[in-house]
Each structure stands twice: as C-alpha cells, then as structure tokens.
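Undergrad:
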Amino acid sequence: MTHRIVKFMLAAALAAIALAPTATAQSQQEIWEQTLIIGGVDEPQTFDPHVNVTQIGGQRIYPNLYEGLVQYDASGEIAPMLAESWSVSDDNLTYTFQLRDDVRFSDGTAFNADAVSFAFERLREINQGPVNVFAQVDTVEAQNDHGVVITLSQPFAPFLSALASWQGALFMSPAYVESNAGDDLGVTHMNDHTAGTGPYMLQTWEPENQIVMVRNPHYWGEYAEDGIERVVYRTIREPATGVQLLRNGGIDILERLVTDFAPSLEENDAVQVQTRLSLGGSYGLHIHFNNQLEPFTDTSVRQALSHAIDYGRIIEQVFGSYGQQASGALPTDFSPWFNTDAGQYEYDPELAQLMLDEAGVDASGWSFELGWQAGNANQRDIGQIVQENLGALGIQIELVEMPLPVWREVIWNNTFEMVFVQFSLAYADPDARLWRAYHSSEFRMNGFNPGFLNDRYDELVEQGRTESAFDTRKSLYDEAQALLVDEAPTLFLVNMLYTYAHRSSTNGITWIPSYGPFFDAAQISKDPAGFSQ
Amino acid sequence: MWWTYIVRRALSSIPVFAGIITIAFIATQSVPGDPLAMMVGEDATEEQYEALRREFGLDRPLVVQWGGYLVNIATGDFGYSLRTRRPVNAEIWQYFAASLELGLAAFLLAIVIGIPAGIWSAVRHDRMADHVLRILTLGGVAAPIFWTALMAQWIFYGRLEWLPGTGQLSDFMLFSNPPPQVTGMITIDSILAGNWVALQDALRHMILPASVLAYRVIAVIARMTRTVMIEALAEDHIRTARALGVGPAAIVWRHALKNAAPPILTVLGLAFGQLVQGSILVETVFAWPGLGLYAVQGILNLDYPVVIGVSVLICVVYVVANLIVDLLYPAFDPRIRYS
Chain C
201 MTHRIVKFML AAALAAIALA PTATAQSQQE IWEQTLIIGG VDEPQTFDPH
251 VNVTQIGGQR IYPNLYEGLV QYDASGEIAP MLAESWSVSD DNLTYTFQLR
301 DDVRFSDGTA FNADAVSFAF ERLREINQGP VNVFAQVDTV EAQNDHGVVI
351 TLSQPFAPFL SALASWQGAL FMSPAYVESN AGDDLGVTHM NDHTAGTGPY
401 MLQTWEPENQ IVMVRNPHYW GEYAEDGIER VVYRTIREPA TGVQLLRNGG
451 IDILERLVTD FAPSLEENDA VQVQTRLSLG GSYGLHIHFN NQLEPFTDTS
501 VRQALSHAID YGRIIEQVFG SYGQQASGAL PTDFSPWFNT DAGQYEYDPE
551 LAQLMLDEAG VDASGWSFEL GWQAGNANQR DIGQIVQENL GALGIQIELV
601 EMPLPVWREV IWNNTFEMVF VQFSLAYADP DARLWRAYHS SEFRMNGFNP
651 GFLNDRYDEL VEQGRTESAF DTRKSLYDEA QALLVDEAPT LFLVNMLYTY
701 AHRSSTNGIT WIPSYGPFFD AAQISKDPAG FSQ
Chain Z
1133 MWWTYIVRRA LSSIPVFAGI ITIAFIATQS VPGDPLAMMV GEDATEEQYE
1183 ALRREFGLDR PLVVQWGGYL VNIATGDFGY SLRTRRPVNA EIWQYFAASL
1233 ELGLAAFLLA IVIGIPAGIW SAVRHDRMAD HVLRILTLGG VAAPIFWTAL
1283 MAQWIFYGRL EWLPGTGQLS DFMLFSNPPP QVTGMITIDS ILAGNWVALQ
1333 DALRHMILPA SVLAYRVIAV IARMTRTVMI EALAEDHIRT ARALGVGPAA
1383 IVWRHALKNA APPILTVLGL AFGQLVQGSI LVETVFAWPG LGLYAVQGIL
1433 NLDYPVVIGV SVLICVVYVV ANLIVDLLYP AFDPRIRYS
C-alpha cells in the first residue's frame, strides 16, 4: 500500500516538473533577441586559420572571427577590408597595401603591418593549412606601421582573390599568440581560442555539440541596430529534427536544408526558404573517370559515355529546381568567368553506342566500380541512374559507398575507376578549380587530377595564372573550359544551388556567393515580435 | 571478504582491457582509409603529408603504436583526436557524462516501470491486463528506435509543444544561469549548486530522450520479469506460504521476487551497459551530445585515438556493471557465495 502511495507521489512530482514553465518571460526574451542560433552539420576542424584545411568548416564560420586584407563585395569584386587601399607593380610581383589604422584584435592590441608579416611567417613555419595557396609569396615586409609590401616569386593573378577568400583571413594578435605559444607556435592553444579582428570571438567550442561566439569588444566595424551579441552554431545531424526546430523557433537559421522539406516550409509564414548560388558550398557534382585506366585513356570513349547519361532525368528526379546540367567545371552563373559557350553533352544513347563502335571497342562486358561519398544521398541516387544509363550499353556499374577518408585516399592514389566528386571554389577565381583539378602538376601523390594530362590545357591555365589583364585571362579560361568539356576527363553532371531556411523574424541576412555559405552575424538582428514562450 | 573479491575481479579484468585495446587497434588499422587524408588540404605536398604523419606518430611501426596505447591508457592518457587535435581525455568525459546521465535516467525508468509491470503481468497472467502489456512491450521491441524518437519529438515538441525538442538545457538557461560543471551531469550539478530552476529545465529536457531510450529496455525487462515471476510463483514453497496464510503482497515481493531476482539482475546489468554507452540514434534525433555521437564521428573520420578511447570506456562500464550485479546476487540468494 505504502509503495503505491510513494509511486503516485513520485509521478505527480515528475509531472509537476515536466509541465511547469521555467522562468520569467522578460529576460528570456532578451536572451532570445541577442542570440543567433544556426543549425548545421559541418564541423570545423580547428579554429586556427594557419592550420585549418576544411573549407566548409572554415568558410562558414571564420569570417565572423578573422578578417583578411581585402574582401569580396556583393558583386564579387575585390573591396577594401583591413587594407584601405593597395597598388600592384607593373611586373605584378609587388603588392603594396595601406592598412586601416583603427583596427584592434579582440585582446585589445593594435592591428598593424607587423601583424601581417607575423601571420605569413607563422603560416610558413607551421607549414599546414592554406600555406600552399600562398606558395608564391616571397617576402612580407612592414614599411611602416600601416604599410606592408608583399612580393611574389612569380606572378599569381588570383592573389588578391585568395587574400579575399576565407584562406586569406590570417591575421591574429601576435602578442596573444606569443604569450600562449607553448612549444608548438600556439597551435594547441589557437585550436580552440581566437584572437582576430572580426566582429565576434570564440567563447566555447564543444565538438559535435555547439560553438558559441560573443562580441569582440574591440571590433572596428559596426553591428546592426539591436544586433546579435552571441552567435551559436549548433550541430543538428538529423534533418527532420532541424526542420522541427526551425518550425518551432528553436533555431533561427537552418543550413543545408534537405530540399524534400522545402515545400512544407514554404507554406509556413514564420519561415523563409532561400536558394542561392554558393561557390564555397559545393556547387558542382560530377564523376571523374580515371583517365590513366583503360578504356578511359581513349578520349572518344569518354565522350561516348558522356552522351549516355540522362542528365534531364538526374536533374528532375534528384534536384528539382535546385540544379541544372553542368557545362564544364565552373559553376553556372559564376560571372564573369563562366563560359556560356563551353558546351554540354546531350543525352543520346544511340550516338553513344555509335561512337563506341567507331572507337572500335566492345562495351558490353565492361564492369566498373563507381565510388560515392558515404551519407551523400544525392550521389547515391544519381549513381543508380548512371548505373541504369550505362547498363543500357552493356556496362556493369557497381556502386561502392566510401567513407570520406577512403574516398580521399582513392583519389590521391588514383586507385579508383569512376568516382563522385563535388567541386567548390576555395577563392572566387577560375584558377581555384581549373588549375587544381586538371593541371598536370596536380596529378601526383595527394593530388586531385584524375589523370588528365593535356599540354594545351596546361598552357592555358599557366598563362591564366600569370596574365593580369582581365580580357586576356577571360579568353584563356574560356578556351580552357571548352577544352575540358570536349576532352571529357570527367562526367560533368550537375551544378547545384544551396538551400537554407530561416525564421522570418531573423532580419539582415546577407548572401555573397563568393562567401557562401557564410552568414554575417554582425548584420543580423531579430524582430522582437518573433519571440514566443 | 567482499573487498578481496573486488580486488581480485579488478585484477582479472586487466587482460580484458588489454584485449579490448588490441582488438580496437587492429580493427581501426584494418579498415581501409587514411584519417590523415582529411587533415591535409587539397593541395598539400607529400612533404607536408609526411610531416603530419610524424606529428601524430603514425609513422612508427604498428607494434610500437600498439604498445604506446597500452602504456598510455594504463596511465589514463588517451592521446589526441586526429581530427580536432584536442586531448581525448578532455573531450570524452563530457560526452560520457551526458550519456551516463541519460542512461541512468532511462535505467531508473526501466526499473521503476518495467519490474512492477512484469510482476503485475505475471500475477494477472493470461488475463486482459497481461495481454495489453504484452502488446505494448512488443511494440517497444519491434519499433525501430529512431522512429520512436522522431515520433515522440514530433508529437510532444512539434505539435503539442509540451516538452523541449533537443539539447540538455534551454538556451535561456544555458546563457543566463547554467550550473557550474562538476560531474558533467547537468541534473546532478544543478542539485549540487542548489540551482533548482536549472534542475527543472534539465529534467524537462531529459524526459523525451530518456523515455524513448527506456521504452525498449522496459519492454525487455517487463517480459523477462513476467516469465521469471510466473515460474517463481508456481514453485512449491509459494504454495506452502499461501497455505500458511501469508498475504499476497508478501508472497510476491518477499518470497517470489527473491528467487526471480538473479536472472533479472543479469539482464539489468547488461541493459545498464547498453543504455550508458550511448544510443547513437536517440542522441542524433535529440541532439544530445553523448558518447554515441562522439564514437560514430570518430569511426567515420577514422580517428584512432577516439575509437580506442571509447572502446575502453565502454569496456569499463560493462566490467563495473557486471561486478555490481555479481556483488548483489548474495543479497537476494544467500546460496550464492563469492568464490
């Protein structure tokens, strides 16, 4: 009898705890208004920009913390940031920057020319992170407090673009780093501490859980009125949960919205769904042939197979209105560099068969492994369509799911037969993709070139890298893009758009494709009317 | 003496740990893929790659690496995560505490609901109550746990808005008045700090994930208890006790349950291990930063120190749980002695 009473009381107590509201509403509203919560899945590797290599982790978070000498403006042009102005010598080897004099790091020390040379020196010494992007940098010298001269060992046309990208956000307080250097140049400490010039600084990092950033007390720029005091990146791995949270106001912005959920969210007034071009967030989804492996060594075979793929069906079934057929290696709408005349392959299975016959090969009985990145539902679905398409020619395709480290390894060691790849642009210049994926020097141990060795192509991108005049570069890269389509080292499939969703009460969200998918928290504010208990 | 028993058990579990470390090590080395591949940039040179290998000690012969793990883990050093470069020690306790908290809550629910349910079912077996309970428990065992989790989240958070949907604390509590970290278990830390508002908040956040996690265990324990109790109640000595006029409550709770206890305890011990090691699916749905999430990401990234660290930790949990169960047997059945 007594234990029945005890059990009843326990249940009543639990119920009381469960259903009672937790605290006064007023301060809850304040906290809500000040805190921006972004739900996503991309975990950063580290918070040290001299060590970080993960684009998606770094690109979406770093610009809130660290800044570069220059930046991209809304139209993708290079604009001032920490440098007010700059000039380039005629031989394109010397860049002179005049720095702002009102910038301080989050620890209060001043940003100056010494900090710039410190950053490049530390990058060189650690020899990780984006050090290879700046491989052409020869010397970095402070002329005076706010003038710095960077000389290159050879002309590198994308230099300013690289400086404007997330990889150029290198500047941290030398005083802070030196006092926390330990015995590894501060790599351990800067892993989860920041000392940058950006609007926010890192407060805590709980991997797989959340990242909390608070305002930089010495920020030189401006915040939106009643803007965000605290930025929280929360890792939400289950897409349905993320959507639920967005609906109920548990998060303000949901990254990488799975497009299946878009229609139901669009009906909801409290939520906005946006689809945009994002250069940083994987714009291209393609399949590499291993160009060094028979029968893919034969250009006409690759071209023939390019005609065998039903691009329309892939777009329709897998992407809906969120993608379009790719035309080479650069993103559609990447102006001004995208070559609208580069060409595309039309789905024509009879032509494919004809071309294979003319090449003198018998495709029936061929069998290849097509590797796809584990967990990537788009690749899996496209893989099945490709399997069918090539099966019609008698080619057997086996789909092999690969965890990321395995995927990376087969690409580096060129041990794949066919493999899915996703393209993004580390900096908003055609060189970022056209060199790194297809120049012959990138076909090496740890390289991303799928075995494509073409002298004319090499010439084009080498010149593109050193020429400075826009018109010259444009025609060089146009030809390079058309050549890639023609030679078909890769099955160019889809250029995708990036979809995200946010509460209607979250205002001031800006989007610059070159920085996609970054959300500039300093410009965001929340409408108090959006708060609910 | 029970304490010499404990010491003997502790010593005999050392080979178990060494075995777990070895198996985990062999497993991670045998799986294809190179964790360093994700740590170097897209344009890294071979020299940079090799430098990173050296930095993480992955260029040493395998036997040396294996020996390193055995020695370091014995002294409590789990090494550094290959992905985040943070010491595994610092990270793993936090995740473990979160899973432990959730697992303990689910465990308590399982005992408080499962055992009485099983007993009730046994006492009324083959009547309506029994049938209803058996159908409910069948649902618990048959339904995939992520479905149950998503449904619970959708109904109680999405639609009814009675309970929070994710996380251990509400944002408001987190940023205005969080309890200071002592054990890493927010409910306990709140009690220690006397922060009753935070305790209430934390409990509310635990209800959904703990219930979902407990559902399956309740089902198993209820069914097990039912079976064992039915047998125990059919024993001769029970009939004798009834004949002597012993009341029904005493029959069930004092006489039958004692005989039924050992198998139930065993199941509880195993269930405890299972609950505490972190259910990846529940943690994913409720964004509960526990060991399951940590372990799976470690596996997907081929983060050797994390995988080995988690394996050892889970092994510890099972060893301790089984030890406790073995220590409790004699309390129920005096015929069992420490050997």
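So the sequence lines, in the order shown, correspond to chains C and Z.
So in this note's numbering, spot 23 of the first sequence is number 223, and the numbers just go up one at a time.
So in this note's numbering, spot 219 of the second sequence is number 1351, and the numbers just go up one at a time.
Backbone N, C-alpha and C define an ideal beta-carbon position, used for all residues, glycine too.
Can you tell me the Cβ-Cβ gap for C/V414 and C/R430, rounded? I've got them flagged as a contact below 8 Å.
TA: 5 Å
Undergrad: Is it right to say Z/R1386 is buried, meaning 16 or more other beta carbons lie within 10 angstroms of its own, or is it exposed?
TA: exposed
Undergrad: Grab me the residues of C/H507's own chain with a C-beta within less than 8 Å of its C-beta, minus the 5 sequence neighbours each way, in chain order.
TA: Y545, E546, Y547, D548, P549, L551, A552, M555
Undergrad: Under 7 Å, do C/L370 and C/F247 count as touching if we go by C-beta distance?
TA: no
Undergrad: Output, in sequence order along the chain, the residues in the stretch 639-664 of chain C whose CB is closer than 9 Å to any CB in chain Z.
TA: Against chain Z - using a Cβ distance shorter than 9 Å - the residues of the stretch 639-664 of chain C are E642, R644, M645, N646, G647, F648.
Undergrad: On the premise that Z/P1310 lies in contact with Z/L1301, defined as a C-beta separation below 8 Å, what is that separation, rounded to the nearest angstrom?
TA: 7 Å
Undergrad: Since C/L599 sits in a beta bridge, which residues does DSSP pair it with?
TA: C/L570
Undergrad: For C/E406, which beta-bridge partners are listed by DSSP?
TA: DSSP links C/E406 through a beta bridge to C/Q410.
Undergrad: Indicate whether the contact test is met: 3 or more Cβ pairs, each with one atom in the stretch 249-264 of chain C and one in the stretch 1137-1147 of chain Z, closer than 8 Å.
TA: no
Undergrad: In three-state DSSP terms, what is C/R476?
TA: strand
Undergrad: Taking a Cβ distance cut-off of 8 Å, strictly less, list which residues of the stretch 1424-1440 of chain Z are near chain C, in chain order.
TA: L1425, Y1426, Q1429, L1432, N1433, L1434
Undergrad: Taking Cβ-Cβ distances shorter than 8 Å, what residues in chain Z pair up with C/N391?
TA: Here the neighbours are T1216, R1217, R1218.
Undergrad: According to DSSP, is Z/L1365 part of a helix, a strand, or is it coil?
TA: helix
Undergrad: Going by the CB atoms, is the gap between C/G450 and Z/G1401 shorter than 7 Å?
TA: Not a contact, by the Cβ cut-off of 7 Å.
Undergrad: For Z/W1420 and Z/I1318, what's the separation of their Cα atoms in angstroms?
TA: 12 Å
Undergrad: Name, going along the chain, the residues of the stretch 323-335 of chain C whose beta-carbon falls closer than 9 Å to a beta-carbon of chain Z.
TA: N327, Q328, G329, P330, V331, N332, V333, A335
Undergrad: Quick one: give me the first and last residue of the beta strand (DSSP E) that Z/Y1201 is part of.
TA: No beta strand (DSSP E) contains Z/Y1201, which is instead part of the alpha helix (DSSP H) from 1194-1206.
Undergrad: I'd like to know whether the C-beta atoms of Z/L1335 and Z/P1167 end up nearer to each other than 7 Å.
TA: no
Undergrad: Taking Cβ to Cβ, would you say C/L684 is nearer than 7 Å to C/A529?
TA: yes
Undergrad: Along the alpha helix (DSSP H) that carries Z/G1211, what are the first and last residues, could you check?
TA: Here Z/G1211 belongs to no alpha helix (DSSP H), and DSSP marks it neither H nor E.
Undergrad: I think C/P630 touches C/Y698, with their Cβ atoms under 8 Å apart; what is that distance to the nearest whole Å?
TA: In this structure C/P630 does not touch C/Y698 by the C-beta definition: roughly 20 Å separates them, more than the 8 Å allowed.
Undergrad: Cα-Cα, which of C/L691, C/N649, C/Q234 is closest to C/Q503?
TA: C/L691
Undergrad: Using alpha carbons as the reference points, say which of Z/V1384, Z/R1348, Z/V1399 lies closest to Z/M1356.
TA: Z/V1399
Undergrad: State the start and end residues of the unbroken beta strand (DSSP E) segment that holds C/W286.
TA: In the DSSP assignment, C/W286 falls within the beta strand (DSSP E) that extends over 283-288.
Undergrad: Under 6 Å from any heavy atom of the ligand SAM, does the C-beta of Z/R1358 make it?
TA: The ligand SAM is not part of this structure, which contains no ligands at all.
Undergrad: Looking at the unbroken beta strand (DSSP E) that takes in Z/R1386, where does it start and where does it end?
TA: Where Z/R1386 is concerned, there is no enclosing beta strand (DSSP E), given that its DSSP letter is neither H nor E.
Undergrad: Short check: CB of C/L352 to CB of C/Q367, under 7 Å?
TA: no
Undergrad: Listing by chain order, which chain Z residues have their CB less than 7 Å from the CB of C/E438?
TA: T1416, V1417
Undergrad: Could you check whether C/I411 and C/G239 sit closer than 7 Å to each other, using their CB atoms as the reference points?
TA: no
Undergrad: Would you kindly work out how many angstroms separate the C-alpha atoms of Z/Y1212 and C/R324, rounded to a whole number?
TA: The alpha-carbon of Z/Y1212 is positioned some 24 Å away from that of C/R324.
Undergrad: Could one say the Cβ of C/K601 lies closer than 7 Å to chain Z's Cβ atoms, at least one of them?
TA: Here the sequence assigns Glu to residue 601 of chain C, which means Lys is not the residue at that position. By this cut-off, C/E601 is not an interface position.
Undergrad: Is the number of C-beta pairs between the stretch 1167-1178 of chain Z and the stretch 606-619 of chain C that are closer than 8 Å three or more?
TA: yes
Undergrad: Does any CB atom of chain Z fall closer than 7 Å to the CB of C/I709?
TA: no
Undergrad: With 16 as the cutoff for other CB atoms within 10 Å, does C/V348 come out buried or exposed?
TA: buried
Undergrad: Would you report the Cα separation of C/L485 and C/N695, rounded to the nearest angstrom?
TA: Approximately 6 Å, taken between the alpha carbons.
Undergrad: Within a Cβ cutoff of 6 Å, which residues of the same chain sit near Z/W1198, ignoring the five residues on either side of it in sequence?
TA: F1157
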